[in-house]
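Numbers given in my numbering equal positions in the sequence shown, counted from 1, plus 6.
For glycine and all other residues, C-beta sits at the position ideal for the given N, C-alpha and C.
See structure below.
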Amino acid sequence: MAKLDIELFPCRSDNFGVLIHDPETGATASIDAPEEQPILDALKRRGWTLTHILTTHHHTDHVDANLALKTRYEATIIGPENEAKKIPGIDMTIGDGGDFEFAGHKVHVFETPGHTAGHICFYFPDDKLLFSADTLFALGCGRLFEGTPAQMWASLQKLMALPDDTVVYFGHEYTLSNARFAVTVDPHNAALKSRAAEIEALRARGAFTAPTTLGLEKTTNPFLRPHDAAIRAHLHMDNASDAEVFAEIRKRKDNF
């Protein structure tokens, strides 16, 4: 089986657009559809034809171009079972633990409520790829618009169980802000300090911070580390549950 080609590009003010392409079949999927023109430009740049849109959740900045792209390419839209009524043009729904194939590549779906009630992430196990949209960011996690801290922590634990070498594509270029926040709750983490400096340099020259790896997030992303003794001590929450520490970190980020 051929390796998937991936095209990463900016959309809107801070969204990432992602195209995945199977060179053997020509199948091409857009992970969400934030904005039509950048997606059209990326398709033209690579000489690809859109066949699928894999929708993670219903927010406008992830589905805005669904109908335009579906009309133009007759693309099949696959999206979350529990948000189906909110996904424009949806053709196929999938829920937690569901599997399907994209051009012969297995895709496993995790329902990850928190940012929205029915958010899903797409995991390609054989390709070691995770498309986490607004559940997991580099050094962050999604704001809790429709879910609770306990739900989001449970969702992140599902993703943390995946192999460390899983390559993670996320929905927004929030990493610089996330890094500046992360060091305020985990100030003694040498790996985090080093990564934060790298991110400052990347963004200073306009480079993307995506993708990341799950292993890197496990060592530096405070939202995945509420069990860490140093973070707990810094927050004066030595005896709290992981969910309680996570909730405190999320609250602090909301006010950062």
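Of R78, E223, I96 and K76, the smallest CA-CA separation from H64 is found for I96. Spanning the alpha carbons of V189 and F262 requires a straight line of approximately 12 Å. When DSSP assignments are scanned along the stretch 98 to 138, the uninterrupted stretches of beta strand (DSSP E) that are 3 or more residues long and fall wholly within it turn out to be 98 to 100, 105 to 108, 111 to 117 and 126 to 130. Residue pairing for E13: DSSP places it in a beta bridge opposite L25. Contact check between the stretch 122 to 129 and the stretch 61 to 81: three or more CB pairs, one atom from each, fall below 8 Å, which counts as touching.
In this model, A213 and N245 are separated by some 40 Å (Cα to Cα). Secondary structure within the stretch 24 to 81: the beta strand (DSSP E) runs of 3 or more consecutive residues, fully enclosed, are 34 to 37 and 58 to 60 (chain order). Here T31 is exposed. Its C-beta has fewer than 16 other C-beta atoms within 10 Å. Three or more beta-carbon pairs separated by less than 8 Å are not found between the stretch 102 to 109 and the stretch 172 to 183, which leaves the two stretches without contact. In this structure, the alpha-carbon of T225 lies about 43 Å from that of T77.
DSSP links H194 through a beta bridge to no other residue.
The count of Cβ pairs closer than 8 Å, one atom from the stretch 67 to 77 and one from the stretch 109 to 118, stays below three, leaving the stretches out of contact. Remark: C-beta atoms of T122 and F151 approach each other more closely than 8 Å. In this chain, the alpha helix (DSSP H) harbouring F252 covers D248 to D260. Assignment of L165 by DSSP, reduced to helix, strand and coil, places it in the helix class. In the same chain as D20, and ignoring 5 residues on each side of it, the C-beta atoms closer than 6 Å to its own belong to H178 and E179, in chain order.
Inter-segment contact for the stretch 35 to 46 and the stretch 193 to 200 is absent: fewer than three beta-carbon pairs are separated by less than 8 Å. Cβ neighbours of P29 within its own chain (closer than 7 Å, five residues either side excluded): A8 and D11. Pairing P40 with V69, the inter-Cα distance amounts to about 6 Å. Boundaries of the beta strand (DSSP E) harbouring Y175: V173 to F176, taken from the DSSP string.
Taking C-beta atoms as the reference points, P119 and G148 fail to come closer than 8 Å.
For the 8 Å CB-CB criterion, L56 and A81 form a contact. In the three-state scheme derived from DSSP, where H, G and I count as helix and E and B as strand, G85 is classed as strand.
DSSP places L220 inside the alpha helix (DSSP H), whose first and last residues are L220 to T226.
For A236, the uninterrupted alpha helix (DSSP H) segment begins and ends at A235 to H240. Residues of the same chain with a CB within less than 8 Å of the CB of D170, apart from the 5 flanking positions on each side, are T219, L220, G221 and K224 in chain order.
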